[in-house]
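Trainee: This is the structure I want to talk about, given as structure tokens.
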Amino acid sequence: MVSRTVGTGSALGAVLLSLLAVPAQAAAPATPPSAAAGTAAAADALAAPDMAGLDEVLRTALTQGAPGAMARIDDNGTVRTAAEGVADRSTGRALSTDDRFRVGSVTKSFSAVVLLQLVDEGKVDLDTSVNAYLPGLLPDDRITVRHVLSHRSGLYDYTNDMFAQTVPGFEAVRNKVYTYRQLVDLSLRKPLNNAPGAAYSYSNTNFVVVGMLIEKLTGHAVSTEYQNRIIEPLNLTDTSYVHPATALAGRHANGYLTPDAAGAALVDSTEQTVSWAQSAGAVISNTRDLDTFFSALLAGRLTSAAQLTQMRQWVPVNSTQGYGLGLRRRDLSCGVSVYGHTGTVQGFYTYAFTAEDGSRSITALANTSNNATVLNTMAGTLESAFCGKPAAKAATRSTAPVEQHEDIAPGIARD
């Protein structure tokens, strides 16, 4: 176990401000003094993180089948980290919060930011039909850009079929390279789940379409747009999009996929193209970079205030969660709401969330997947990070719904 606190002081604060410089494509108005005072007050209102509780969550994940689990909290210039277990089962190397990993559906927030910057630039309208930009792609002209960003298009998620059997499904696509159009065509073999705009229904197909929109509107690959609009401006030195290459560069955590058969050996799923996901799930990053990204986003440094407001128009997911435009809201037991995204890709579970003003962020990882028990346990990292010690939490605590579905194959319950 490693648990440490570093980085208080004005020098680190200056570094963080430089990292969060506003990209030219997404310049936002300066924060007025009154708003800055409100941000400071909001930060002060958060209870101190419960590091003992966080360590306990990570250790519990190991007893439930995760080879390793870790978390990093960035809190107004103070960095707290904790890690348990191993990054590599073959060598026994300890997991570190510096390790890179596959972030899965956290990628969707990157894609949403790029598309909302294009809205700011007048290149796309949220309430215009996708088919106006990609003629003939989708079966219903009523499906708008807003619908795909908020999972309200009704488009069927092709990963339900692709990964109905977890390990065989993964091995069948581990080294495959798909075009975006091929993935959309897999979805269109099935009818729409519901009428466009009628209901929230999580589908990776939506963010494949977002990737197609980005490439059509900019004339560049999504990797170029991530790099120019997010990665370079925020100095995310451990973040990359390498599709269709299969390896993770540099120091990284290996991912271990849990087979469907109880007791079967974990499968090392680190190397794959992630071509089945692309703009829906193929980014590689680490805990520092994801904390920086979500802090910058919620602080208004990546889009205009108007587009951040649009991003935070919530569609109910369940009693404690909402979904905006490529952004999740989770309501914690202490009454605090946090904003970010979950991520599942074979062998990796990620929770990356920040406070309403971006002042405190956490990224937590377990290097396994297809294990609903670990998935639910890792949600507890948010409680420790934002609600503090149990004695400081609200007397009446809500019970969060049990997670039985992942960000891939969301139509298949995991138990």
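Letter by letter, the sequence shown follows residues 1239 to 1653 of the numbering used here. Glycine included, every Cβ here is placed at the ideal spot set by N, Cα and C.
If I measure Cβ to Cβ from Ala1268 and keep anything under 7 Å in the same chain, skipping five residues before and after, which residues do I get?
Mentor: To locate residue 1268, count along the sequence shown from 1; it is residue 30. Low per-residue confidence applies at Ala1268: pLDDT is 35, beneath 50, and the placement is therefore not dependable enough to give any value.
Trainee: Counting pairs of beta carbons, one from the stretch 1474-1489 and one from the stretch 1502-1512, are three or more of them closer than 8 Å?
Mentor: Enough Cβ pairs lie closer than 8 Å, so yes.
Trainee: Name, in chain order, the residues that DSSP records as bridge partners for Gln1642.
Mentor: In the sequence shown, counting from the first residue as 1, residue 1642 sits at position 404. Note: Gln1642 sits in no beta bridge, so no partner.
Trainee: Rounded to the nearest angstrom, what separates Val1317 and Ile1311 at their Cα positions?
Mentor: The residue given as residue 1317 occupies position 79 in the sequence shown. The residue given as residue 1311 occupies position 73 in the sequence shown. Whole-angstrom Cα-Cα distance: 6 Å.
Trainee: So Arg1297 is in the alpha helix (DSSP H); what residue range does that whole segment cover?
Mentor: For the purposes of this step, residue 1297 is identified with residue 59 of the sequence shown, where counting begins at 1. Element bounds for Arg1297: 1289-1301.
Trainee: Are Arg1387 and Gly1573 closer than 8 Å when you measure CB to CB?
Mentor: Start at 1 with the first residue of the sequence shown, and residue 1387 comes out as number 149. Start at 1 with the first residue of the sequence shown, and residue 1573 comes out as number 335. It is worth fixing the name first, because residue 1387 is Leu in this sequence and not Arg. Not in contact: Leu1387 and Gly1573 (Cβ atoms no closer than 8 Å).
Trainee: Leaving out five residues before and five after Arg1327 in sequence, what residues of the same chain have Cβ atoms less than 8 Å from its Cβ?
Mentor: Position 89 of the sequence shown, counted from the start, is the residue given in the question as residue 1327. Within the same chain, Arg1327 has close Cβ partners Pro1305, Asn1492, Tyr1494, Leu1504, Asp1506.
Trainee: Distance check for Arg1331 and Arg1390, CA to CA, integer angstroms please.
Mentor: Mapped onto the sequence shown, residue 1390 falls at position 152. Mapped onto the sequence shown, residue 1331 falls at position 93. Each residue's Cα considered, the two are about 43 Å apart.
Trainee: Tell whether a beta-carbon distance below 8 Å holds between Thr1588 and Gly1323.
Mentor: Residue 1588 sits at position 350 when you count from the first residue of the sequence shown. Residue 1323 sits at position 85 when you count from the first residue of the sequence shown. In this structure, Gly1323 does not lie closer than 8 Å to Thr1588 by Cβ.
Trainee: List in chain order: all unbroken alpha helix (DSSP H) runs of 4+ residues lying wholly within the stretch 1407-1442.
Mentor: Runs of the alpha helix (DSSP H) inside the stretch 1407-1442: 1418-1425.
Trainee: With 16 other CB atoms within 10 Å as the buried threshold, where does Gly1407 fall?
Mentor: As a first step, residue 1407 must be located in the sequence shown, where it is residue number 169. That one is buried.
Trainee: Between the stretch 1533-1550 and the stretch 1439-1452, do at least 3 Cβ pairs fall closer than 8 Å?
Mentor: The answer is no - the stretch 1439-1452 does not touch the stretch 1533-1550, with fewer than three Cβ pairs under 8 Å.
Trainee: So for Thr1462, helix, strand or coil by DSSP?
Mentor: Locating residue 1462 in the sequence shown gives position 224, counting from the first residue. Three-state DSSP puts Thr1462 in a helix.
Trainee: State the start and end residues of the unbroken alpha helix (DSSP H) segment that holds His1385.
Mentor: As a first step, residue 1385 must be located in the sequence shown, where it is residue number 147. 1383-1387 is the extent of the alpha helix (DSSP H) around His1385.
Trainee: Is the Cβ-Cβ distance between Phe1624 and Gly1578 less than 8 Å?
Mentor: Mapped onto the sequence shown, residue 1624 falls at position 386. Mapped onto the sequence shown, residue 1578 falls at position 340. Cβ distance not < 8 Å, so Phe1624 and Gly1578 don't count as in contact.
Trainee: Would you mind working out which of Leu1472, Ser1557, Thr1525, Ser1622 sits nearest Gly1581, comparing C-alpha positions?
Mentor: Start at 1 with the first residue of the sequence shown, and residue 1581 comes out as number 343. Checked all of Leu1472, Ser1557, Thr1525, Ser1622; the closest Cα to Gly1581 is Thr1525.
Trainee: Buried or exposed for Pro1434, please, with buried defined as at least 16 other CB atoms from any protein chain shown within 10 angstroms of its CB.
Mentor: Within the sequence shown, residue 1434 is the residue found at index 196, counting from 1. With 16 or more Cβ atoms within 10 Å of its Cβ, Pro1434 is classed as buried.
Trainee: Going by DSSP in three states, Ala1279 sits in which element: helix, strand or coil?
Mentor: Residue numbering aside, residue 1279 sits at position 41 when the sequence shown is read from its first letter. Confidence is the limiting factor: at Ala1279 the pLDDT is only 45, short of 50, which leaves the residue's position unreliable, though a coordinate-based value still follows. Helix at Ala1279.
Trainee: Does Pro1648 pass the burial test, meaning 16 or more other C-beta atoms within 10 Å, or should it be called exposed?
Mentor: Mapped onto the sequence shown, residue 1648 falls at position 410. Buried is the call here.
Trainee: Rounded to whole angstroms, what is the Cα-Cα separation between Thr1496 and Gln1420?
Mentor: Numbered from 1 along the sequence shown, position 258 holds the residue referred to as residue 1496. Numbered from 1 along the sequence shown, position 182 holds the residue referred to as residue 1420. Whole-angstrom Cα-Cα distance: 27 Å.
Trainee: When DSSP labels each residue in this structure, what does Tyr1371 get in the three-state scheme?
Mentor: Residue mapping note: residue 1371 aligns to position 133 of the sequence shown, counting from 1. Tyr1371 falls in the helix class under three-state DSSP.
Trainee: Check whether the stretch 1591-1598 and the stretch 1347-1354 touch, using three or more Cβ-Cβ pairs below 8 Å as the test.
Mentor: Verdict: no, contact absent.
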